């Protein structure tokens, strides 16, 4: 039976609200996800929140009811609260019907099976949570095996990144590591490393991609370092026919991913 929390001063409310801050996420090893769609995606991917907050008005919704039942059956806790407290937890004036608190799920390179997919995404020093979320959604859409984040990337468990991923954080494996570790792991088996670059004459549609293909996208502002580019098996560029000199990092990744998918599907 869900308990009720209606007071802002409740210590659990403060503890969950603190998860909007990176330092507290690291301390608690937990993160926030909001919205019925995202939490349902998580449930269908086999991940349930340890805490589930919901408003009375949404309690009768069949998907909310399913979430409440499964969270409680798994040993988690469902909590009925007010729209004002949901707003405080999510940081939005128009809060979603549900907010969940999840344990972080860190993976390592050794957890990845490169033979599981023909496409893998790699992002280097990605700084924008919207770009990260969009790249995760692209990964889900093309059936990518996972996303490898290189160096000082934005936190994939931030509220903004989770929100932008629209549930793809729960369906696309994410690994955070340094460049040397990734390159060492990659070269231990098959895998074509393809970098997106403006400093090449290879058109992205003229190139040929061998599975598994690892698509490397550099930092939004600076691109990838020269030594990263030199380590790639192939550098390709997307033609720019207008005034802009480059595409948004997430858009470029999506364009490339669908070209690789088209080739691999024949």
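Residue numbers (our numbering): -16 to 249.
By construction, the Cβ of each residue, glycine as well, lies at the ideal position given by its N, Cα and C atoms.
Given the structure is predicted, the values throughout are model-derived calculations rather than measurements.
Pair within 9 Å by beta-carbon distance, residue i and residue j
i, j, result
"residue -12", "residue 91", "no"
"residue 165", "residue 152", "no"
"residue 104", "residue 129", "yes"
"residue 147", "residue 117", "yes"
"residue 230", "residue 238", "yes"
"residue 34", "residue 58", "no"
"residue 15", "residue 72", "yes"
"residue 201", "residue 227", "no"
"residue 157", "residue 17", "no"
"residue 256", "residue 240", "Past the boundaries of the shown model lies residue 256; the chain is included only from -16 to 249, so the question cannot be answered."
"residue 107", "residue 211", "yes"
"residue 122", "residue 25", "no"
"residue 11", "residue 2", "yes"
"residue 172", "residue 97", "yes"
"residue 86", "residue -9", "no"
"residue 185", "residue 224", "no"
Heavy atom of the ligand FMN within 8 Å of residue i beta-carbon
i, result
"residue 114", "Looking at this structure, you won't find the ligand FMN or any other ligand, since it has none at all."
Per-residue DSSP class, three states only, for residue i
i, result
"residue 79", "coil"
"residue 218", "strand"
"residue -7", "coil"
"residue 16", "strand"
"residue 36", "strand"
"residue 170", "coil"
"residue 4", "coil"
"residue 203", "coil"
"residue 157", "strand"
"residue 250", "Since the displayed the chain opens at -16 and closes at 249, residue 250 lies outside it and no answer follows."
"residue 84", "strand"
"residue 111", "coil"
"residue 60", "strand"
"residue 197", "strand"
"residue 132", "strand"
"residue 48", "helix"
Cβ-based burial, residue i [other Cβ within 10 Å; buried from 16]
i, result
"residue 176", "buried"
"residue 167", "exposed"
"residue 88", "exposed"
"residue 127", "buried"
"residue 8", "buried"
"residue 207", "buried"
Residue i to residue j span [Cα, whole Å]
i, j, result
"residue 285", "residue -1", "The chain is shown only over -16 to 249; residue 285 falls outside these bounds and no answer can be derived."
"residue 13", "residue 82", "13 Å"
"residue 29", "residue 155", "12 Å"
"residue 56", "residue 45", "16 Å"
"residue 93", "residue 124", "24 Å"
"residue 190", "residue 209", "21 Å"
"residue 4", "residue 203", "23 Å"
"residue -5", "residue 6", "17 Å"
"residue 75", "residue 235", "30 Å"
"residue 221", "residue 174", "21 Å"
"residue 242", "residue 183", "18 Å"
"residue -3", "residue 214", "46 Å"
"residue 244", "residue 20", "27 Å"
"residue -7", "residue 249", "58 Å"
"residue 37", "residue 95", "35 Å"
Residues of its chain near residue i, where Cβ-Cβ distance is below 8 Å and the 5 sequence neighbours each way are ignored
i, result
"residue 247", "101, 102, 192, 194 and 196"
"residue 48", "42"
Nonlocal neighbours in the same chain, by C-beta distance under 7 Å from residue i, ignoring five residues either side
i, result
"residue 137", "109, 110, 111, 112, 115 and 144"
"residue -15", "51, 61, 62 and 63"
"residue 53", "26 and 31"
"residue 134", "107, 108, 161 and 162"
"residue 99", "128"
"residue 119", "130, 148, 151, 152 and 155"
"residue 39", "63"
Beta-carbon contacts of residue i that lie in its chain and below 6 Å, excluding the five residues immediately before and after
i, result
"residue 159", "132"
"residue 205", "none"
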